[in-house]
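Trainee: Chains as they are written, first to last, in our numbering: chain S, 1 to 497; chain Y, 498 to 633; chain W, 634 to 909.
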Amino acid sequence: MSQHYPALLVVIPLLSALLISIVGWLNKRLCFPIAVAALSVSTYSSVGLLLKVLDEKVIHYHLGGWAPPWGIAYRVDHLSALVLVVVSVVALLNLIATQKSVEQEFPEKIGAFYTLYVLFITGLLGIVVTGDAFNLYVLLEITSLTGYGLIAMGEDRAPLSSLNYVYMGTIGACFYLLGIGYLYISTGSLNMADISSILPDLYDSKVVLAAFVICMVGVCLKMAFFPLHGWLPNAYTYAPSAVSSLVAPLMTKVMIYVMIRLMLTVFTPEFIFSKLALSNSVVWLAVIAISMGAVLALGARNMKKMLSYVIIAEVGYMVGGAWLGNRAGMTGAVLHIANDALMTLCVFLAVGNIVYRAKGYAFEDLKGMFRKMPYTMTGLVAGALSIIGVPPTCGFFSKWYLISGGIQAGQYAFVAALVFSSLINAVLFFRIIEIGYYEPFGADHGHGSSPIRMAEAPLTMVVPLLIVAGGLVVMGVYTGDIVTNIIEPIIPLAIGN
Amino acid sequence: MSDLISSIVDNYNYLIYVTLMMIGLYAMIAKKNLVKKIVGMNIFQTAIILFYVSIGAKKDATIPIIQHGHGQGAHEITSSVIEAVEYINPLPHVLMLTAIVVSVATLGVALALAIKIYNQYETLEEDEILAQIREK
Amino acid sequence: MRILGIIVVILTGALLIYAMGDFPSWANPVSPAHNHVSPRYIEKSMEETSVPNIVTAVLADYRGYDTMFETTVIFGAGVVCFFLLRIPRKDEPTVRRYRHTLTGMTIRVKETRKIPPVLEEFERIDTLWAPHDLIIKTACRILVPFLQLFGLYVIAHGHHSPGGGFQGGVILGASMILLAISHDLRTAIGRMSERVHAILCPVGVFIYAGTGALCLLLGFNFLDYGALAGILHVDPVTARSHGILIVEIGVGLAVMATMIWIYNNISSKGRYDEGL
Chain S
1 MSQHYPALLV
11 VIPLLSALLI
21 SIVGWLNKRL
31 CFPIAVAALS
41 VSTYSSVGLL
51 LKVLDEKVIH
61 YHLGGWAPPW
71 GIAYRVDHLS
81 ALVLVVVSVV
91 ALLNLIATQK
101 SVEQEFPEKI
111 GAFYTLYVLF
121 ITGLLGIVVT
131 GDAFNLYVLL
141 EITSLTGYGL
151 IAMGEDRAPL
161 SSLNYVYMGT
171 IGACFYLLGI
181 GYLYISTGSL
191 NMADISSILP
201 DLYDSKVVLA
211 AFVICMVGVC
221 LKMAFFPLHG
231 WLPNAYTYAP
241 SAVSSLVAPL
251 MTKVMIYVMI
261 RLMLTVFTPE
271 FIFSKLALSN
281 SVVWLAVIAI
291 SMGAVLALGA
301 RNMKKMLSYV
311 IIAEVGYMVG
321 GAWLGNRAGM
331 TGAVLHIAND
341 ALMTLCVFLA
351 VGNIVYRAKG
361 YAFEDLKGMF
371 RKMPYTMTGL
381 VAGALSIIGV
391 PPTCGFFSKW
401 YLISGGIQAG
411 QYAFVAALVF
421 SSLINAVLFF
431 RIIEIGYYEP
441 FGADHGHGSS
451 PIRMAEAPLT
461 MVVPLLIVAG
471 GLVVMGVYTG
481 DIVTNIIEPI
491 IPLAIGN
Chain Y
498 MSDLISSIVD
508 NYNYLIYVTL
518 MMIGLYAMIA
528 KKNLVKKIVG
538 MNIFQTAIIL
548 FYVSIGAKKD
558 ATIPIIQHGH
568 GQGAHEITSS
578 VIEAVEYINP
588 LPHVLMLTAI
598 VVSVATLGVA
608 LALAIKIYNQ
618 YETLEEDEIL
628 AQIREK
Chain W
634 MRILGIIVVI
644 LTGALLIYAM
654 GDFPSWANPV
664 SPAHNHVSPR
674 YIEKSMEETS
684 VPNIVTAVLA
694 DYRGYDTMFE
704 TTVIFGAGVV
714 CFFLLRIPRK
724 DEPTVRRYRH
734 TLTGMTIRVK
744 ETRKIPPVLE
754 EFERIDTLWA
764 PHDLIIKTAC
774 RILVPFLQLF
784 GLYVIAHGHH
794 SPGGGFQGGV
804 ILGASMILLA
814 ISHDLRTAIG
824 RMSERVHAIL
834 CPVGVFIYAG
844 TGALCLLLGF
854 NFLDYGALAG
864 ILHVDPVTAR
874 SHGILIVEIG
884 VGLAVMATMI
894 WIYNNISSKG
904 RYDEGL
């Protein structure tokens with residue numbers, strides 16, 4: 001069975017999503033256990049796949065028994081395996097942590113919620129593991145549609161924000177499809193490895209250049225890279241808390257994985273860094289993204305909006321790092337995918353706990369929280385330290401690689417933006433810690449909930465948060481092993497030193 | 498420059514799809530009514546479908562169903578030679594079946610969201626909705 | 634906004650037209666798209682799958698994995714529409730309108746729990762009500778079974794003529810929607826209740842994914858229909874043809890149920906009592 005891990009990884013969640021949808025009409029209480037079982041099988045398969053890839057370098061799987069390029073083929077290498085493990089672990093922890101909050105917000109439609117949750121994860125896992133460009137588009141659409149539906153069930157401005165996300169997300173996915181069409185018309189194939197073997201003869205063609213630009217614009221729309229980020233703050237702020245801690249860590253990071261996959265495997269680095277002269281402009285855009293994200297986070301008036309702008313800055317880190325054109329930058333970008341997913345999950349879970357008890361996420365709701373919800377605030381502090389970049393948490397190490405890559409490439413504006421954003425993050429999070437620690441637990445707390453009886457969040461919400469917070473430190477300590485064994489083999493030698 | 502123009506005029510099918518796509522894109526950005534934006538989205542996706550299908554055309558070729566493929570003649574077909582030049586390319590059609598289904602699904606979700614917004618704000622014009630939000 | 638729209642459109646259009654310079658000319662048989670992957674589909678699909686319709690063979694066999702996810706997309710859209718719009722039964726509004734058939738007077742009733750579902754002289758009407766039209770109702774009622782028969786034909790004959798699961802499923806769904814439009818939504822829901830079409834939708838996708846999983850359990854790769862040769866007692870090529878038929882049936886079921894589900898949710902705004 002272990003040679004079928006790549007297929008099981010995606011098929012088991014798909015079958016369970018269908019099962020949850022049927023069971024939701026008959027008995028609502030079975031939905032959660034089935035979802036947990038499905039995501040556990042996925043986590044087990046992805047970890048098994050990572051261990052196999054460390055031995056075998058690349059794993060191929062032919063779906064339908066047809067060899068590529070006539071059939072669809074899965075191609076798992078170190079990069080895919082790393083992102084697979086991150087996605088499945090984040091999804092499983094989030095599922096367990098948000099069970100109580102889901103029961104509170106959607107008591108009637110639990111079946112539909114868990115169906116959409118598991119379908120979202122199926123789509124993400126499929127995007128990471130596939131080796132076929134058109135298959136990626138279909139899975140991207142599954143992820144997007146379920147994401148739109150999940151986000152729209154928040155309160156207040158959620159449906160409008162979700163509709164704006166629909167418009168921009170559809171343009172992004174359609175641009176990606178158009179780029180694939182341009183590649184098809186010039187190469188005749190849809191398989192990523194096959195395209196990259198045919199492309200070198202066609203590097204001078206205008207069609208290939210246009211294909212690259214259009215694909216990149218489409219992917220940038222979906223990952224909220226400046227200046228196409230307009231949908232993200234509203235969509236993540238007004239989404240239900242169970243949904244923002246699912247979508248925020250995963251969606252943009254998987255899109256950055258897609259960009260790196262297109263850069264490294266399909267359009268090889270020779271094309272991007274030698275033929276095109278775009279890397280400078282992209283790094284400058286990343287600098288603007290980081291600075292703008294940091295400054296707008298200062299002006300945000302509630303926790304979730306502030307965190308959304310921090311996410312926009314983090315996307316700027318990763319895109320800038322990947323486009324620097326040297327090993328350290330690319331290493332930093334890939335390492336930051338894993339680290340940022342964990343950090344974002346940590347802080348969003350902590351905010352979710354606060355929303356569960358205090359029923360609000362403005363800064364005033366944090367007053368005196370350190371005394372009432374100590375474990376949650378510990379998790380929040382751990383996530384905050386990692387976002388700021390304090391050793392030994394993992395955030396420090398990925399920033400270290402990005403800064404050294406920036407210095408090597410001579411992009412000093414990028415280095416300055418990284419340092420500036422770390423300082424601003426320190427200001428933001430110390431402001432929160434000050435409100436939570438020093439402000440008294442006043443009578444103006446909470447929206448009608450009785451202030452005296454507020455307690456810590458339930459155990460199922462606190463334990464995953466503490467596991468993630470511990471994971472941040474563990475990832476930081478083991479960074480050296482991760483970089484040498486998993487990330488170094490990914491980066492082709494064509495990228496200079 | 499002149500062969501750019503002559504290549505454009507020869508391949509007028511691609512020009513049509515670019516025009517349609519730009520009309521759809523303009524509608525999505527510039528119009529204020531939510532349903533008009535959804536219609537623009539649909540036009541945009543249809544233009545991409547048109548592009549893919551026009552890739553698959555071949556001169557003097559017929560539809561991709563093997564002639565005399567069922568009934569009595571079926572047994573002889575497997576031994577005779579089927580020329581690839583006689584049939585148009587089936588792969589873009591397959592891909593576009595998927596894209597059409599995806600665009601219908603997106604349309605359904607967008608319309609459901611528009612209904613939810615209408616239930617909340619009683620209007621579908623974006624500037625009136627933003628005015629209501631600012632008042633709150 | 635208009636100026637921004639015009640600028641974006643001009644820039645994008647210019648990029649796309651610039652790229653057109655290197656395109657192969659239209660309908661040229663020697664372009665790369667026609668000579669790399671597709672010739673094998675055209676030349677070998679008959680002997681490898683015994684299905685004359687090459688598009689169906691590629692859709693359901695060579696690239697069957699994509700089609701499975703496409704069916705999942707449409708299933709996901711149905712679930713999203715349900716998740717967004719459906720008002721739970723206990724929150725459903727309880728104001729109904731009735732019309733006295735003898736005098737034409739309409740009354741509005743607030744407490745509807747005590748009214749039996751079928752009354753002799755009062756017919757239940759919608760908010761936007763048009764008088765009973767004999768021609769439309771009878772014509773549509775006669776047409777519906779023929780539509781469904783045609784839909785089943787399109788699914789089953791997809792191997793030999795243009796057609797297949799998606800097309801047939803949409804026709805089947807359209808037959809129920811025609812019933813809902815010509816009569817009213819309650820008649821259509823009476824024929825196929827919400828629970829039936831909400832469960833039929835994942836069952837259709839389950840048939841597709843389940844066939845693939847069955848092939849996996851028998852030791853072959855996922856969705857490799859050659860595994861079915863042992864179960865169906867035929868040679869592998871015919872097993873592929875049968876496998877394609879099974880998954881097309883699954884697709885047709887799923888698409889039909891989703892079309893009806895989305896229509897019901899959107900036209901009644903989640904209340905399931907009145908439609909268009």
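C-beta atoms are modelled at their ideal positions from N, C-alpha and C, and glycine is treated no differently.
Check the Cβ of residue 662 of chain W against every Cβ in chain S and list those closer than 7 Å, keeping chain order.
Mentor: The contacting residues do not exist; residue 662 of chain W stays about 13 Å from chain S at best.
Trainee: Start and end of the alpha helix (DSSP H) containing residue 170 of chain S?
Mentor: That run of the alpha helix (DSSP H) goes 158-187.
Trainee: Can you tell me which of S/49, S/17, S/50 puts its alpha carbon nearest to the alpha carbon of residue 37 of chain S?
Mentor: The shortest C-alpha separation from residue 37 of chain S is found at S/17.
Trainee: Grab me the residues of residue 855 of chain W's own chain with a C-beta within less than 7 Å of its C-beta, minus the 5 sequence neighbours each way, in chain order.
Mentor: For residue 855 of chain W, where only same-chain residues beyond five positions count, the Cβ hits under 7 Å are 845, 848, 849.
Trainee: Rounded to whole angstroms, what's the CA-CA distance from residue 489 of chain Y to residue 698 of chain W? Just pull it up for me.
Mentor: Outside the shown range of chain Y, which is 498 to 633, sits residue 489 of chain Y, and nothing can be said about it.
Trainee: Taking the alpha carbon of residue 44 of chain S as the reference point, which residue from S/345, S/7, S/279, S/245 has its own alpha carbon closest?
Mentor: Ranking S/345, S/7, S/279, S/245 by Cα distance to residue 44 of chain S puts S/7 first.
Trainee: Please name the residue or residues paired with residue 758 of chain W in a DSSP beta bridge.
Mentor: The partner list for residue 758 of chain W (beta bridge, DSSP) reads W/730.
Trainee: Could you tell me which of W/851, W/799, W/889 sits nearest to residue 808 of chain W, measuring between CA atoms?
Mentor: Checking every option, the nearest Cα to that of residue 808 of chain W belongs to W/889.
Trainee: For residue 62 of chain S, which of S/129, S/29, S/34 has the nearest alpha-carbon?
Mentor: Checking every option, the nearest Cα to that of residue 62 of chain S belongs to S/129.
Trainee: By the DSSP assignment, the alpha helix (DSSP H) with residue 816 of chain W in it spans what residues?
Mentor: Run containing residue 816 of chain W: none; DSSP gives neither H nor E here.
Trainee: So what does DSSP say about residue 254 of chain S, is it helix, strand or coil?
Mentor: Residue 254 of chain S falls in the helix class under three-state DSSP.
Trainee: Given 8 Å as the limit, is there contact between the stretch 210-224 of chain S and the stretch 639-652 of chain W, that is, 3 or more CB pairs closer than that?
Mentor: Contact between the stretch 210-224 of chain S and the stretch 639-652 of chain W is present, because at least three Cβ pairs lie under 8 Å.
Trainee: Can you name the residues of chain S whose CB is closer than 7 Å to the CB of residue 862 of chain W?
Mentor: Result: empty, since nearest Cβ-Cβ is about 12 Å, beyond 7 Å.
Trainee: Reducing DSSP to helix, strand and coil, say where residue 60 of chain S ends up.
Mentor: Reduced to three states, the DSSP call for residue 60 of chain S is strand.
Trainee: Do residue 302 of chain S and residue 361 of chain S have their C-beta atoms within less than 7 Å of each other?
Mentor: A contact, by the Cβ cut-off of 7 Å.
Trainee: Using a Cβ cut-off of 7 Å, which residues of the stretch 527-556 of chain Y contact any Cβ in chain S, in chain order?
Mentor: Within the stretch 527-556 of chain Y, the residues whose Cβ lies closer than 7 Å to some Cβ of chain S are 531, 534, 538, 541, 542, 545, 548, 549, 552, listed in chain order.
Trainee: Would you please state the rounded distance, in angstroms, between the beta carbons of residue 241 of chain S and residue 101 of chain S? I believe it to be under 8 Å.
Mentor: Confirmed, about 6 Å.
Trainee: Can you give the Cα-Cα distance for residue 868 of chain W and residue 532 of chain Y, rounded to whole angstroms?
Mentor: Their backbone Cα atoms lie some 53 Å apart in a straight line.
Trainee: In chain order, what residues of the same chain have a beta carbon less than 8 Å from the beta carbon of residue 465 of chain S, not counting five sequence neighbours either side?
Mentor: Excluding positions up to five away in sequence, the list reads 97, 346, 349, 350, 353, 375, 376, 379.
Trainee: Below 7 Å between beta carbons is the criterion; list the residues of the stretch 130-150 of chain S that meet it against any residue of chain Y, in chain order.
Mentor: Residues 134, 138, 141, 145, 148, 149.
Trainee: Taking any Cβ of chain W, which residues in the stretch 222-248 of chain S have a Cβ under 7 Å from it, in chain order?
Mentor: Cβ contacts with chain W come from no residue of the stretch 222-248 of chain S.
Trainee: Could you tell me which whole alpha helix (DSSP H) segments of length 4 or greater appear in the stretch 85-158 of chain S?
Mentor: Within the stretch 85-158 of chain S, the complete alpha helix (DSSP H) runs of at least 4 residues are 99-105, 110-129, 133-151.
Trainee: Taking the alpha carbon of residue 501 of chain S as the point to measure from, which residue in S/131, S/11, S/154, S/382 has its own alpha carbon closest?
Mentor: Nothing can be reported for residue 501 of chain S: it is not among the residues displayed for chain S, which extend from 1 to 497.
Trainee: Report yes if the CB atom of residue 624 of chain Y is closer than 7 Å to the CB atom of residue 529 of chain Y, and no otherwise.
Mentor: Yes. Within cutoff.
Trainee: Counting only C-beta atoms, is residue 614 of chain Y closer than 7 Å to chain A at any point?
Mentor: In summary, chain A is missing from the structure at hand, where the protein chains are S, Y and W.
Trainee: Can you list, in chain order, the residues of its chain whose CB lies under 6 Å from that of residue 412 of chain S, leaving out five sequence neighbours each side?
Mentor: There are no such residues.
Trainee: At what residues does the alpha helix (DSSP H) containing residue 505 of chain Y begin and finish?
Mentor: Run containing residue 505 of chain Y: 499-507, per the alpha helix (DSSP H) assignment.
Trainee: Alpha carbon to alpha carbon, what distance is there between residue 711 of chain W and residue 468 of chain S?
Mentor: Cα-Cα distance, rounded: 34 Å.
Trainee: Which of the three DSSP states, helix, strand or coil, is assigned to residue 854 of chain W?
Mentor: Coil at residue 854 of chain W, not helix or strand.
Trainee: Decide if the stretch 273-292 of chain S is in contact with the stretch 243-250 of chain S; the criterion is three or more beta carbon pairs, one per stretch, under 8 Å apart.
Mentor: Touching, no, given that fewer than three Cβ pairs across the two stretches are closer than 8 Å.
Trainee: For the beta strand (DSSP E) that contains residue 905 of chain W, what are its first and last residues?
Mentor: Segment: none, residue 905 of chain W is in no beta strand (DSSP E) and carries neither H nor E.
Trainee: Bridge partners for residue 686 of chain W per DSSP, in chain order?
Mentor: Paired residues: Y/562.
Trainee: Let me make sure I understand the geometry here. Which of S/373, S/237, S/145, S/118 has the alpha-carbon closest to that of residue 9 of chain S?
Mentor: Comparing Cα positions, the closest option is S/118.
Trainee: Count the other CB atoms within 10 Å of the CB of residue 314 of chain S; is the residue buried (16 or more) or exposed (fewer)?
Mentor: Label assigned to residue 314 of chain S: buried.
Trainee: Could you name the residues of the stretch 81-115 of chain S whose beta carbon sits closer than 8 Å to any beta carbon of chain W, in the order they occur along the chain?
Mentor: Those residues of the stretch 81-115 of chain S that come within reach of chain W (Cβ to Cβ, closer than 8 Å) are 108, 109, 112, 113, 115.
Trainee: How would you call residue 268 of chain S, buried or exposed, if buried means at least 16 neighbouring beta carbons within 10 angstroms?
Mentor: Label assigned to residue 268 of chain S: buried.
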